[in-house]
Amino acid sequence: MKYLRSDKKRKKRSVATLTLTSLVDCFSILIVYLLSATVFGENSIDVPHGLTLPSAEKTEIATAGPKVILFNGQLTVDDKPVSIAELRQVLVAKLSGNPEWQKDPSVIIQADANTPFDEINPIVSASLQAGFAKVLFAAEEGGELL
Numbered sequence: 112m113k114y115l116r117s118d119k120k121r122k123k124r125s126v127a128t129l130t131l132t133s134l135v136d137c138f139s140i141l142i143v144y145l146l147s148a149t150v151f152g153e154n155s156i157d158v159p160h161g162l163t164l165p166s167a168e169k170t171e172i173a174t175a176g177p178k179v180i181l182f183n184g185q186l187t188v189d190d191k192p193v194s195i196a197e198l199r200q201v202l203v204a205k206l207s208g209n210p211e212w213q214k215d216p217s218v219i220i221q222a223d224a225n226t227p228f229d230e231i232n233p234i235v236s237a238s239l240q241a242g243f244a245k246v247l248f249a250a251e252e253g254g255e256l257l
C-alpha cells in the first residue's frame with residue numbers, strides 16, 4: 112500500500128507569544144500609582160481657611176463619623192449649617208442612618224484653637240445625648256493635620 116503525500120505544504124501553526132517584559136512594566140507602574148493614591152483608614156479633614164486647629168501631644172487617627180465644625184460662630188455638620196438647638200436631632204439622624212457608625216459611634220469636632228470651651232461644651236453634650244460614645248477633636252501634631 113502506498114501512502115500518498117500531498118505536495119501542498121502544511122501550514123505551520125503559529126503559537127501566540129506574549130512579551131512579558133512590557134506587561135510587567137505596565138503592571139508595576141499601575142501598582143505604584145494605586146498604592147500612592149490610596150489612603151489607608153484615614154479620614155480626610157478639610158479645614159476652613161482661617162481656622163487654626165489646636166496642637167496635640169498625643170493623637171489618634173480619626174475614624175469614620177460625622178464632622179461638626181464650629182467656626183466664626185457658625186455650626187456645620189458634614190458641611191451643612193445647623194443651629195445648636197437642632198444639632199442633637201441631626202446627629203441622631205446621622206447615627207441611625209449609618210449602620211457602620213453604630214459599631215463604634217464617634218463624632219469629630221473641629222474648632223478654632225481660640226474658641227472658648229463654653230461654646231464647645233453644648234456640642235459635646237449634644238453629641239453624647241445623640242448616642243455617640245467617642246468625641247474626637249481635630250488637632251495638629253507638629254504642623255501635620257490629623
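Under my numbering, the residues of the sequence shown are numbered 112 to 257, in order.
Glycine is no exception: its CB is placed at the ideal position from the N, C-alpha and C atoms.
Every value quoted in this text rests on a predicted model; they were computed, and no experiment measured them.
Which residue's Cα is closest to the Cα of F248: T130, V179, S194?
-> V179
Kindly indicate the opening and closing residues of the alpha helix (DSSP H) around F248.
-> Careful: F248 lies outside any alpha helix (DSSP H), inside the beta strand (DSSP E) at 245–248.
Length of the line joining the Cα atoms of F243 and E211 = 13 Å
Ignore the nearest five residues each way along the sequence and tell me which others in V273's own chain have a CB closer than 8 Å to its CB.
-> The structure shown does not extend to residue 273, since the chain is modelled only from 112 to 257, so the question has no answer here.
Whose CA, out of I231, A175, Q200, S139, lies closest to the CA of N209?
-> A175
Check whether the Cβ atoms of L206 and S194 lie closer than 8 Å to each other.
-> no
Cβ neighbours of V201 in the same chain (closer than 6 Å, five flanking residues each side left out) | V188, V193
Can you tell which of S147, Y144, A224, V246 has the C-alpha that lies nearest to the C-alpha of D215?
-> From the listed residues S147, Y144, A224, V246, the smallest Cα separation to D215 is found for V246.
How many Å lie between P177 and Q213 at the Cα?
-> 12 Å
What first and last residue would you give for the alpha helix (DSSP H) that runs through I204?
-> The identity of residue 204 in the sequence shown is Ala, whereas the question assumes Ile. Element bounds for A204: 198–208.
How many angstroms separate the CA atom of I220 from the CA atom of L181?
-> Rounded to the nearest angstrom, the two C-alpha atoms are 8 Å apart.
Using CA coordinates, which residue listed in R199, N183, S217 is at the minimum distance from T226?
-> N183
Identify, in the order they occur along the chain, each residue of the same chain with its Cβ nearer than 6 Å to the Cβ of A222, setting aside the five sequence neighbours on each side.
-> L181, I231
When we look at the beta-carbon of V218 and count the other beta-carbons within 10 Å, is it buried (16 or more) or exposed?
-> Buried, since its Cβ has 16 or more Cβ neighbours within 10 Å.
Is S217 helix, strand or coil by DSSP?
-> DSSP places S217 in strand when its eight states are reduced to three.
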